[in-house]
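Asker: I have a structure I would like to understand better, so I am pasting it below and will then ask my questions one at a time.
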Amino acid sequence: MPKVMNWQIGREMDYPYEGKRPDTQFAMIIDTNKCISCQTCTVACKTTWTSSRGQEYMFWNNVETKPYGFYPLGWDVNILSRHGVQDISGPVYQGKTLFESAPDGSMVLGYLPEDVDYAHPNISEDDSVGQLAQGAFLQMPHMQWMYYLPRICNHCTYPACLAACPRQSIYKRPEDGIVLIDQSRCRGYRECVRGCPYKKPFFNSITRTSEKCVGCYPAVEQGRQTQCTMTCIGKIRLQGFISPPGQERPENPIDYLVRIAKVAKPLYPQFGLEPNVYYIPPIHVPSPFLKQMFGADVEQAQQAYRKAADDKQLLAALLLFGATPSILHGFREQDGQAIGVDKKGGELVRVPFKEPIFVRPGFDEQFQTHRSNAT
Amino acid sequence: MKRMCSTGFLAATLSVLVAGVAQAGAQDAAPGSLQALRVSGTGPITEVAGATWSQAKAVKVALQPQVVATPTNPNAAIKEVTVRSVHNGEWLALLLEWPDYTKSDAVVVDGFSDQVAVEFPVVYKADAPPSPMMGNAGGRVNVLQWRAAMQRDLDQGREAKIQDFYPNAPDADLYYTNILPAEAGQPYMGAKGLGNAVSVHGHTPVLDMMAEGFGSLTTRAKQEANGKGVYRDGAWHVTITVPMQPTADNAPKLEAGHSTIVAFAVWDGGSQEVGSRKAWSDWVGLTVGK
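Taken in sequence, the protein lines are chains A and B. Under our numbering, think of the first position of the first sequence as 1, with each following residue one higher. Under our numbering, think of the first position of the second sequence as 1001, with each following residue one higher.
Structure follows, in structure tokens:
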């Protein structure tokens, strides 16, 4: 089996195909600290992509409450328990990836969910890990906690769905790294559903093929961010492109946040897929849980995020989340403003660090009337 | 099969009984070569019982677990299939029968369809036959796969709908395909809109395909095969019929008085068998009667 370099685990690993990175790689950063689980992203995705027969149960984008929320039921604990205890303590991952753990006769360690596992997409919404004791007061990290985890397909550099498909019906586009299932070639074997640890390919009982998040590729081709990103009312997402390891551009906000500020982390990097959706971890959650989910150095990300108010470059990048429908290729901080630019350096958006405050007098001279909501 | 775990003992007992029934139907069967018996009539031969088959010699074909291509299926459920063959000068048919105590024709995330496939070399050369495992480069094969799920659609006279699998499921408020003309609705129909043969509700439960190696299975541009499957007495009885003189590429010419070879594969949906997770046979000789 060929060896490929996975920068997220700091080493080479086995993968069924030669490692050839796309020219540019679709990526997204999600700030979990700002998510309120309003599901606007879920509905935007649903109405855009999965409103046909056989797709009724599908959520290519979902938001679940961690630690007890899952869609499908138990998706991560199921694969974690099959994966077994792994050493995730160091910068170079000492455990096995899901490809390296594959049983004989399989490309990847996986499992097929049961049909009913998809029946409770919002199970355990808002459930905390426990009850607060009498007399408790707020501490950091919180002693009882939960947080929201929005999820789409990770458009992995080394997709398990692609590796598992015996027909090579799944492909990764060289122009943007988006992973797609060829609907004219798929025969509904569900090896991708079985193989993907994130359980983001879904089986359609009416077309009898598997379908998955398409990364809103028609929008991305037009230089626009995905539906889930653009419709987010909390402006918690930024979608763009991440550069290959070693070719980081500090002016690219995705590169900056992931590789330079190191404030955003991949989801379960120990699986070895090199997922390209990155999460700013919740700062109120104890780190042992987060280490398993986002990697060994999650505490550094939490600390960097806490200091964002004092770090103009970091603040500028964070303020550009949800600021423009266009994909940002560059950004800079200038005179207390975050400026986002397109591929040619043209200005797309300008966000002030401090919102200006306008005070309207209680009495409106023009219309000779009192305004009770003047603030 | 999974849903019957609580009645595992009953199922196991039933399977023994069922196997007995099916074996009884093929009591004359023995290993050997197939003889396609000439029968009267014209057109596709799809009936699974009756006079057509009464004189055809039954042959037991041993099946083995597929353990070469990934993913493998070391514990294949079906060990043997009983095969008969006839032809009417225009169409050749194979009757395939095997015991199966779970009829699996509803396809959902964890629900798989019972299936059977027949494989012919597109061009038969006795000294250089293609690999029986999906052919090989330069050794192209014609694969004809019957699917219980497609048979179910045909028997119902319509394509599947979500209430077939989840009786209490409501329709969505609005489907694009309800308000858009057929052509404009195509982009919203996924594989169905692209005409993927596994998605389209057609006139036949048999997919007519070609292959030249693992992972290369491709639907033929022209779907010529036909067939019918009936689940009765705890066993599947399936016919697969093909024109002896195909009108498009990538299917064999089957001429009376000539010999060729044929191979088989069976999938037990209840054991979550699909794709390469199957039981397959080596080539079996087939002589087309005069």
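Ideal placement from N, C-alpha and C gives every residue a C-beta, glycine not left out.
When the Cβ atoms of the stretch 114-131 of chain A are set against those of the stretch 54-71 of chain A, are three or more pairs found closer than 8 angstroms?
Answerer: As far as the Cβ criterion goes, the stretch 114-131 of chain A touches the stretch 54-71 of chain A, which means the pair count is three or higher.
Asker: Measuring only between beta-carbons, confirm whether G272 of chain A sits less than 7 angstroms from chain B.
Answerer: No, G272 of chain A does not count as interfacial toward chain B.
Asker: Does the Cβ-Cβ distance between I236 of chain A and K34 of chain A come in under 7 angstroms?
Answerer: For I236 of chain A and K34 of chain A, yes; Cβs fall inside 7 angstroms.
Asker: Is it the case that the Cβ atoms of N1073 of chain B and Q1064 of chain B are separated by a distance below 7 angstroms?
Answerer: Their beta carbons are not under 7 angstroms apart, which means N1073 of chain B does not touch Q1064 of chain B by this criterion.
Asker: At which residues does the alpha helix (DSSP H) containing E221 of chain A begin and terminate?
Answerer: That run of the alpha helix (DSSP H) goes Y217 to E221.
Asker: In this structure, does DSSP put F1322 of chain B in helix, strand or coil?
Answerer: Nothing in the structure corresponds to residue 1322 of chain B, since chain B is present only between 1001 and 1290.
Asker: Closer than 6 angstroms to a non-hydrogen atom of the ligand HEM - does that hold for the CB of W1053 of chain B?
Answerer: Absence of the ligand HEM is noted for the structure shown, with no ligands found whatsoever.
Asker: Are the stretch 1090-1106 of chain B and the stretch 1267-1274 of chain B touching, with three or more C-beta to C-beta distances below 8 angstroms?
Answerer: Enough Cβ pairs lie closer than 8 angstroms, so yes.
Asker: Suppose you measure from the CA of Y198 of chain A to the CA of M107 of chain A; what does that come to, to the nearest Å?
Answerer: Those two C-alpha atoms are separated by around 16 angstroms.
Asker: When DSSP builds the beta bridges, which residues end up paired with E125 of chain A?
Answerer: None; E125 of chain A has no bridge partner.
Asker: For the candidate residues B:G1139, B:A1248, B:G1257 and B:R1232, whose alpha-carbon lies nearest to that of V1048 of chain B?
Answerer: Checking every option, the nearest Cα to that of V1048 of chain B belongs to B:R1232.
Asker: Is K312 of chain A helix, strand or coil by DSSP?
Answerer: Three-state DSSP puts K312 of chain A in a helix.
Asker: Can you name the residues of chain B whose CB is closer than 7 angstroms to the CB of D14 of chain A?
Answerer: Residues of chain B passing the Cβ test: none, with the nearest at roughly 13 angstroms.
Asker: Measure the Cβ-Cβ separation of L328 of chain A and G336 of chain A and say whether it is below 7 angstroms.
Answerer: No, the Cβ-Cβ distance between L328 of chain A and G336 of chain A is not below 7 angstroms.
Asker: Could you please tell me which residues of the stretch 1181-1212 of chain B, in chain order, have their CB closer than 7 angstroms to any CB of chain A?
Answerer: The stretch 1181-1212 of chain B vs chain A, Cβ under 7 angstroms: Y1188, M1189, G1190, A1191, K1192, L1194, N1196, V1198 and S1199.
Asker: Beta-carbon within less than 6 angstroms of E1033 of chain B's beta-carbon, same chain only, minus the 5 sequence neighbours each way: which residues are those?
Answerer: With the sequence shown as reference, residue 1033 of chain B is identified as Ser, and Glu is not the correct amino acid for it. Closer than 6 angstroms at the Cβ level, and outside the excluded window around S1033 of chain B, lie G1285.
Asker: Pairing CB atoms from the stretch 214-226 of chain A with CB atoms from the stretch 304-320 of chain A, are three or more of them under 8 angstroms?
Answerer: The stretch 214-226 of chain A, when compared against the stretch 304-320 of chain A, does not touch it at the 8 angstroms Cβ threshold.
Asker: To the nearest angstrom, report how far apart S3 of chain A and I206 of chain A are at their CA atoms.
Answerer: Note on residue identity: the sequence assigns Lys, not Ser, to residue 3 of chain A. Distance between the alpha carbons of K3 of chain A and I206 of chain A: 38 angstroms.
Asker: Against chain A, with Cβ distances strictly below 7 angstroms, would P1132 of chain B count as a contact?
Answerer: It does not: the Cβ of P1132 of chain B has no partner Cβ on chain A nearer than 7 angstroms.
Asker: For the stretch 143-174 of chain A, which residues have a CB atom closer than 8 angstroms to at least one CB atom of chain B, in sequence order?
Answerer: From the stretch 143-174 of chain A, only A164, P166, R167 and Q168 have a Cβ closer than 8 angstroms to chain B.
Asker: What number of angstroms, rounded off, separates the C-alpha of F367 of chain A from the C-alpha of R360 of chain A?
Answerer: Going by the C-alpha atoms only, they are around 13 angstroms apart.
Asker: Consult DSSP for Q334 of chain A and reduce its assignment to one of helix, strand or coil.
Answerer: Looking at Q334 of chain A - three-state DSSP - the assignment turns out to be strand.
Asker: Closer than 8 angstroms by C-beta to F1264 of chain B: which residues in its own chain qualify, once you throw out the five before and the five after it? Chain order, please.
Answerer: Cβ neighbours of F1264 of chain B beyond the five flanking positions: V1061, L1063, V1081, V1083, L1096, V1116, A1117, V1118, E1119, W1280, S1281 and V1284.
Asker: Taking only the alpha-carbon atoms, compute the straight-line gap between V1143 of chain B and T97 of chain A and give it to the nearest angstrom.
Answerer: Roughly 37 angstroms separates the two Cα atoms.
Asker: By the criterion of Cβ-Cβ separation under 9 angstroms, what are the contact partners of V1274 of chain B in chain A?
Answerer: Result: R187, G188, Y189, R190 and E191.
Asker: Please list, in chain order, the chain A residues whose beta carbon lies closer than 8 angstroms to that of G1215 of chain B.
Answerer: Those are P166, R167 and Q168, listed as they occur along chain A.
Asker: Which class does Y15 of chain A belong to by DSSP, given the choice of helix, strand or coil?
Answerer: DSSP places Y15 of chain A in coil when its eight states are reduced to three.
Asker: Could you name the residues that DSSP lists as bridge partners for A1076 of chain B?
Answerer: In the DSSP output, where bridge partners are listed per residue, A1076 of chain B has none listed.
Asker: Strictly under 7 angstroms for the Cβ-Cβ distance: is I206 of chain A near chain B by that measure?
Answerer: Yes, contact with chain B.
Asker: Give me the DSSP bridge partner(s) of Y148 of chain A.
Answerer: Looking at the DSSP assignment, Y148 of chain A forms a beta bridge with A:T65.
Asker: Which term fits D1114 of chain B, buried or exposed, when burial requires 16 or more other beta carbons within 10 angstroms of its beta carbon?
Answerer: When all chains shown are included, D1114 of chain B counts as buried.
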